[in-house]
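Q: In the working numbering, the protein residues as written are 4 to 418.
1) Examine the ligand NAD and report whether any of its heavy atoms sits within less than 8 Å of the Cβ of residue 221.
2) Is it buried or exposed, residue 304, if we count other Cβ atoms within 10 angstroms and call 16 or more buried?
3) Select from 54, 66, 49 the residue whose C-alpha is nearest the C-alpha of residue 345.
4) With 16 as the cutoff for other CB atoms within 10 Å, does residue 171 come out buried or exposed?
5) Between which two residues does the beta strand (DSSP E) containing residue 260 stretch?
6) Where residue 416 and residue 84 are concerned, what is the direct C-alpha to C-alpha distance, given to the nearest angstrom?
7) I'd like to know whether the C-beta atoms of residue 336 and residue 288 end up nearer to each other than 9 Å.
8) Measuring straight from C-alpha to C-alpha, what distance separates residue 64 and residue 92?
9) Which of the three DSSP states is assigned to residue 120 in this structure?
10) Beta-carbon within less than 6 Å of residue 243's beta-carbon, same chain only, minus the 5 sequence neighbours each way: which residues are those?
11) With distances taken Cα to Cα, identify the nearest neighbour of residue 187 among 219, 148, 226, 118.
12) Span of the alpha helix (DSSP H) holding residue 204?
13) How many Å lie between residue 71 and residue 408 at the Cα?
14) Can you tell me the Cα-Cα spacing of residue 81 and residue 192, whole angstroms?
15) Just to confirm my understanding: we take residue 60, look at its own chain, exclude 5 residues before and 5 after, and list those with CB closer than 7 Å. What are they?
16) Helix, strand or coil for residue 170? Go by DSSP, reduced to three states.
17) Quick test of the definition: if touching needs 3 or more C-beta pairs under 8 Å, does the region 115-131 touch the region 174-188?
Structure below.
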């Protein structure tokens, strides 16, 4: 479906015009890529950059009850330059994982996904069943409006296509309500165990997954503020690397017939793992990670980053220290979960004391200040180097350094 050059967002009754290459407010005419002088960082418009954000729980498009225009305005106004977005392939129910106002927790009425509902009742979320042989134009209209609005505001989008279903938590309800579950569609897919869904054991499921990947590649190809992640947290539930690389190959092959090529990422592990370069992959992301992991993967020819953190309690200090530690260790992207964004509060002002993690305007402004400093210091030419600090002490606080030997030294005193 051709994307209209203009649209009206009903929540704001605001007419928004497409950003076109060459216009004064255009960001770039080429997609986000790697900085050729140091591929541990991104590049855009011929300049290197870090991606850093404190963002909502990835449901901005799949949850119709969430006002994404207000949300993107707040990211821009608080100095964030990125957000993470789930495709709608996976969703949660309201209240999942102890998160109040969880944007991923969409009701059956609010859930917006790539496949349309039919007139056949009986899906396990209380709505009608899905048709996996068609794509939902209403969903893609909402997705394209989100991408366009993000691009106009200078917000880059990590688009995470797949996610396992966490059968060991929430009584397996995420798989029970998923469109690919045999009970929830009219297409006669096999009644698969969730541990087999993200493998190559069921060719019928794999075909639908590959078709979805190619549809996203075609629909989103025009956007420059985009890179893909194959699968969120594949390590928690049986997802195979072979399957992930097949999905990445399908995406890369589809883009060979299209005008633009986008970066593709993989979510490696919670915590620590040393990885080697993988075909088609340029971004290697970790969750809940640390300095040791960044340093151990300095050999990887791509961005190594942290694209989820946020279950360390409601105080912001942990996250402030963590992002400094990671960026001072060669990290190229930092995505924190911000629980002040809820379904009912897209401005990010909701209290976080009872949530699993932190958030709020003050933390977002700290992230913006950190990135402004590192950008001004041109961190992109530096490397982590603590050797010269071993002769220095500052109480018991850790010291981290980024250095261009003989030229410049950036030192962070932890605490």
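Using N, Cα and C, we set each Cβ at its ideal position, and we do this for glycine too. None of the values given here were measured: they were computed from a predicted structure.
A: With the structure as the only source:
1) Ligands in the displayed structure: none, and consequently the ligand NAD is not present.
2) If you number the chain shown from 1, residue 304 lands on position 301. The residue in question, residue 304, is exposed, as its Cβ has fewer than 16 Cβ neighbours within 10 Å.
3) Residue numbering aside, residue 345 sits at position 342 when the chain shown is read from its first letter. Nearest option by C-alpha distance: 66.
4) Against the chain shown, residue 171 aligns to sequence position 168. When all chains shown are included, residue 171 counts as exposed.
5) Within the chain shown, residue 260 is the residue found at index 257, counting from 1. Segment: none, residue 260 is in no beta strand (DSSP E) and carries neither H nor E.
6) Reading the chain shown from its first residue, position 413 is the one you call residue 416. Reading the chain shown from its first residue, position 81 is the one you call residue 84. Each residue's alpha carbon lies about 25 Å from the other.
7) Here residue 336 corresponds to residue number 333 of the chain shown, with the count starting at 1. Here residue 288 corresponds to residue number 285 of the chain shown, with the count starting at 1. Yes; because the gap between Cβ atoms is below 9 Å, this pair is in contact.
8) Here residue 64 is taken as the residue at index 61 of the chain shown, counted from 1. Here residue 92 is taken as the residue at index 89 of the chain shown, counted from 1. Their backbone Cα atoms lie some 11 Å apart in a straight line.
9) On the chain shown, position 117 is the one that residue 120 refers to. Strand at residue 120.
10) Working through the chain shown from its first residue, we reach residue 243 at position 240. For residue 243, where only same-chain residues beyond five positions count, the Cβ hits under 6 Å are 202.
11) By one-based count along the chain shown, residue 187 stands at place 184. Measuring from the Cα of residue 187, the nearest candidate turns out to be 118.
12) Against the chain shown, residue 204 aligns to sequence position 201. Segment: none, residue 204 is in no alpha helix (DSSP H) and carries neither H nor E.
13) Position 68 of the chain shown, counted from the start, is the residue given in the question as residue 71. Position 405 of the chain shown, counted from the start, is the residue given in the question as residue 408. Those two C-alpha atoms are separated by around 44 Å.
14) Residue numbering aside, residue 81 sits at position 78 when the chain shown is read from its first letter. Residue numbering aside, residue 192 sits at position 189 when the chain shown is read from its first letter. For residue 81 and residue 192, the distance between alpha carbons rounds to 45 Å.
15) For this step, residue 60 is matched to residue 57 along the chain shown. Same-chain partners within the cutoff: 102, 105, 106, 107, 340.
16) Translated into positions along the chain shown, residue 170 becomes position 167. Coil.
17) yes
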